[in-house]
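Numbering (our numbering), first residue to last: 18 to 625.
No residue lacks a Cβ here, since even glycine has one placed at the ideal position from N, Cα and C.
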RNA sequence: GCCAAUGUGGCUCAGGGGUAGAGCAAUUCACUCGUAAUGAAUAGGUCGUGGGUUCGAUUCCCACCAUUGGCUCCA
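Right, dumping it as C-alpha cells:
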C-alpha cells in the first residue's frame, strides 16, 4: 500500500475509533455523530455531546481509544439498502440526513467495528483494530464547528486528532509544531520591538519605531517598482460621507464590515468633553453619517471622474497606500494576519477591454518580482463567474479567457486552482495564497476585474470613433495587506529579515569609551551611505552590547577597538553565526552594504 | 457571530480564600580592549474591567473586554 493511501486508511479508521470511544464514554443515546474525515496531520470527528469536552475528558478519550484498539476487533464492511441504512441510523439525525442526500444509485456501505459500533462510510478501512497497534495519535484540540460548514445549522464539537504511523513520526510532527510556534510573528514582533496591540484599538497595530522603519521600506520598495511600471500614486479621505458608500454598493453589501460614524439628528453641540449633551441623538440615517473606508476603490472612481478621459490615456493606474478599516466579527482577529486597520499596496487601473490581457500580464510580472525578492512561494487561485454575476456574459467570457490564458502561460495548465463560480459578482479574480509558519494559508495578492463599479459611478472614456465607452477597472494588490505580509515574512525569516529590510542594518559596538570617537565616524559614514545604523556608546562591557544587538537580530555588528580605529577598518560579526570577519576596510564594508541595498539581496554575505 | 482556553510588574511565567513571587528587562554602583547572558543593591503590581458570594476575593461565581486555537467569513 502506498504511504499516502496507508495514511488515509488508518487515519480514517482512527476517526471511527474515536467516535466509538466517545460513544462508549458519553452513552450512545447522548451522542449524535456527524462526520470524521482525515486531514493533513491526522483526522477529526464532529459530534453533538451532552456537555463540552474538557481537558480531563481528552485524556479519558485517548485512553478509551487505546483500550478499544487492544480489543482486536474485526472491521466488517456491509452493503445495505437505503431503507436498511435509515433503520440502522434511525436515531442519528446527521447520518440520516447524509443517507437521504446520497444519489439514488449510490451503493451504501456501513462498517462495523466490533458488534456494537457501526458507521456510515465508503471506506476502505483496516480489517482488524490490531493493525493500529503501531499507530501514534494524540488529541490535538477541541473546537466548535458547524454542521456542513453552515453557521445557521447545528454547532458541533469537533475533536482533532494528530495521527501518524509511528511514535517517531508523531514526535517529529510535534517538534515541527513547536518550532513553528517559535516563528509566530506575534512573539517575534514583540521581542524585536516591531509593533504592539492594545485594547484601546482592537485588531489595530501600534507600529513602534523599528517596525515602522521596516513598514516604510516595504512601501519604498513598492513605490520604486511601481514607478517603473508607470503607476501614479494618489491619496484620498479616510472617512467618507455615506452617499459615497450608497453609490459604490458598500452600504448594501458591506456595511457590517464598516466602522460607521453616525450623523446627528438633533441636539446642540456638546460644551465639554465630559458632560456631553444628553439630548443629542445620533443615527446612521442622518445625512451627515460617515464611514471609515474599508476599500480604496470608490475614491479612486471619484478621482477618475474629475475629468473626461480619452482612450489615449488608458491604462490609467491609480495606486495608493491609504489606511483602511474593516470591522471584524469577534473571534476573527489574529495578530497581524487579520486586523481591523491596514494598508494595502493597492491599485485601481482603468483599461479598455482590449488592454486587459497585457495589463494583467504586467501585474503578474510585478507580483513575480516581489515574491522572488522575499523568496516566497505562493499558490494561485482563479475564481470564475458566479450565478449572480453582473454585466454581460460576453464580456465575462472574454475576460475569463484572457485571465486563463495568462495563468496557463505563467503557471502551466493545472498548476493553479480553479474555483468555478467563486468570483465576485462584479468580476473574475486571481488570488495568491501564502502559507504561515503553521501552514495556514492567507490571501495576499489579488487581481480582480470589475465591471460593476465603472457602472455604478458611470465612468466613461471617449474612444477613437468619438463614442462614449465604459472602462473596466482592475483592482490589484501584490503584498495585499502590508500588515498581513509583514506577519508572513516575519514567520518566513523567523525575524532575521534580509539586510535591505531589517529595521537597523548595522550595529556598532565601540569596545571602550575611548573608541566612541571612531565609532561616531563610522556611524556618520554609514548614514551618509543611506545605511540604517545604531550605535551603543554607553559605558558597559562590549559583550553586553553585542548581546543586545544579537537579540535584535541586526544583520551586521561592527566591533571597534584600537586596531580598527588605527587602520580605518571594521570587525564584522555576521548574523546567524559567531564568526568574525576582521580587518575589513570601512570603505569596502560600506560599498558592500550599498550593494546589498541596491540589489535587495536575500542572502547575508560574510565576505567583503 | 459560534465552541473552547487564557488574562498576575515592560517581557516570560509560578502561585493561590487571609491585601503577591521568580527570571529577563529597568535604575544605581562596581567590573569592562576583543565578539551572546559579570556581581551587588534599588525600584516597579489596586493579579484585564465591573458586579456578586464571604468577616475577608487576585484566588470562588456571573457579566463584559481583550487575546489565542478552531468554525464561519475575508486582505
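Less than 7 angstroms between C-beta atoms, sequence neighbours within five positions excluded: which residues of the same chain meet that for residue i?
{"i": "residue 67", "result": "43, 47"}
{"i": "residue 347", "result": "none"}
{"i": "residue 602", "result": "585, 586"}
{"i": "residue 291", "result": "Legend: pLDDT at residue 291 = 37, less than 50; position of this residue unreliable, value from coordinates given subsequently. Cβ neighbours of residue 291 beyond the five flanking positions: none."}
{"i": "residue 81", "result": "38, 41, 42"}
{"i": "residue 322", "result": "474, 476"}
{"i": "residue 248", "result": "334, 336, 364"}
Please report how far the alpha carbon of residue i lies from the alpha carbon of residue j, in whole angstroms.
{"i": "residue 396", "j": "residue 463", "result": "11 angstroms"}
{"i": "residue 96", "j": "residue 126", "result": "4 angstroms"}
{"i": "residue 554", "j": "residue 576", "result": "12 angstroms"}
{"i": "residue 381", "j": "residue 365", "result": "15 angstroms"}
{"i": "residue 21", "j": "residue 53", "result": "18 angstroms"}
{"i": "residue 178", "j": "residue 31", "result": "9 angstroms"}
{"i": "residue 461", "j": "residue 497", "result": "4 angstroms"}
{"i": "residue 260", "j": "residue 317", "result": "15 angstroms"}
{"i": "residue 600", "j": "residue 581", "result": "7 angstroms"}
{"i": "residue 122", "j": "residue 98", "result": "10 angstroms"}
{"i": "residue 536", "j": "residue 618", "result": "26 angstroms"}
{"i": "residue 336", "j": "residue 492", "result": "10 angstroms"}
{"i": "residue 162", "j": "residue 340", "result": "33 angstroms"}
{"i": "residue 50", "j": "residue 92", "result": "19 angstroms"}
{"i": "residue 604", "j": "residue 610", "result": "10 angstroms"}
{"i": "residue 401", "j": "residue 410", "result": "12 angstroms"}
{"i": "residue 385", "j": "residue 425", "result": "15 angstroms"}
{"i": "residue 308", "j": "residue 332", "result": "30 angstroms"}
{"i": "residue 579", "j": "residue 236", "result": "40 angstroms"}
{"i": "residue 406", "j": "residue 414", "result": "12 angstroms"}
{"i": "residue 90", "j": "residue 274", "result": "53 angstroms"}
{"i": "residue 371", "j": "residue 596", "result": "57 angstroms"}
{"i": "residue 571", "j": "residue 59", "result": "39 angstroms"}
{"i": "residue 538", "j": "residue 262", "result": "55 angstroms"}
Identify, in the order they occur along the chain, each residue of the same chain with its Cβ nearer than 8 angstroms to the Cβ of residue i, setting aside the five sequence neighbours on each side.
{"i": "residue 134", "result": "33, 36, 37, 40"}
{"i": "residue 232", "result": "224, 499, 503"}
{"i": "residue 422", "result": "374"}
{"i": "residue 26", "result": "18, 141, 142, 143"}
{"i": "residue 442", "result": "403, 405, 406, 407, 469"}
In its own chain, which residues sit with a C-beta less than 6 angstroms from the C-beta of residue i, not counting the 5 before and 5 after it?
{"i": "residue 184", "result": "153"}
{"i": "residue 203", "result": "352"}
{"i": "residue 289", "result": "With a pLDDT of 38 at residue 289, under the threshold of 50, the predicted position of this residue should be treated as unreliable, though the coordinate-derived value follows. Excluding sequence neighbours, residue 289 sits near nothing in its chain."}
{"i": "residue 408", "result": "468"}
{"i": "residue 448", "result": "398, 460, 463"}
{"i": "residue 625", "result": "601, 605, 606, 609"}
{"i": "residue 458", "result": "450, 452"}
{"i": "residue 155", "result": "179"}
Starting from residue i, trace the beta strand (DSSP E) both ways and give me its first and last residue.
{"i": "residue 47", "result": "Element bounds for residue 47: n/a, residue is neither H nor E."}
{"i": "residue 527", "result": "523 to 527"}
{"i": "residue 464", "result": "458 to 467"}
{"i": "residue 449", "result": "446 to 452"}
{"i": "residue 136", "result": "134 to 137"}
{"i": "residue 629", "result": "Since the first residue shown for the chain is 18 and the last is 625, residue 629 is missing from the structure and cannot be characterised."}
{"i": "residue 300", "result": "298 to 300"}
{"i": "residue 434", "result": "434 to 436"}
{"i": "residue 552", "result": "550 to 552"}
{"i": "residue 70", "result": "Unbroken run through residue 70: none, as it is neither H nor E."}
{"i": "residue 129", "result": "125 to 130"}
Contact check, residue i vs residue j under 8 angstroms by CB: the rounded distance?
{"i": "residue 613", "j": "residue 516", "result": "5 angstroms"}
{"i": "residue 513", "j": "residue 592", "result": "6 angstroms"}
{"i": "residue 526", "j": "residue 569", "result": "Going by Cβ atoms, the distance from residue 526 to residue 569 rounds to 13 angstroms, so no, they are not a contact pair."}
{"i": "residue 356", "j": "residue 222", "result": "6 angstroms"}
{"i": "residue 277", "j": "residue 301", "result": "6 angstroms"}
{"i": "residue 358", "j": "residue 342", "result": "5 angstroms"}
What residue range is occupied by the uninterrupted alpha helix (DSSP H) comprising residue i?
{"i": "residue 415", "result": "410 to 428"}
{"i": "residue 115", "result": "110 to 118"}
{"i": "residue 261", "result": "259 to 265"}
{"i": "residue 248", "result": "Taken as a continuous stretch (DSSP letters only), residue 248 belongs to no alpha helix (DSSP H), as it is neither H nor E."}
{"i": "residue 105", "result": "99 to 105"}
{"i": "residue 206", "result": "202 to 208"}
{"i": "residue 535", "result": "533 to 545"}
Enumerate, from N- to C-terminal direction, the unbroken alpha helix (DSSP H) stretches of 4 or more residues contained entirely within the stretch 554 to 603.
559 to 568, 579 to 584
Entirely enclosed beta strand (DSSP E) segments - the stretch 475 to 518, minimum 3 residues:
489 to 498
Quick one: which unbroken beta strand (DSSP E) runs of 3-plus residues sit fully inside the stretch 309 to 396? Chain order, please.
333 to 337, 340 to 342, 358 to 368
Those runs of the beta strand (DSSP E) which lie wholly inside the stretch 161 to 191 and span at least 3 residues:
172 to 181
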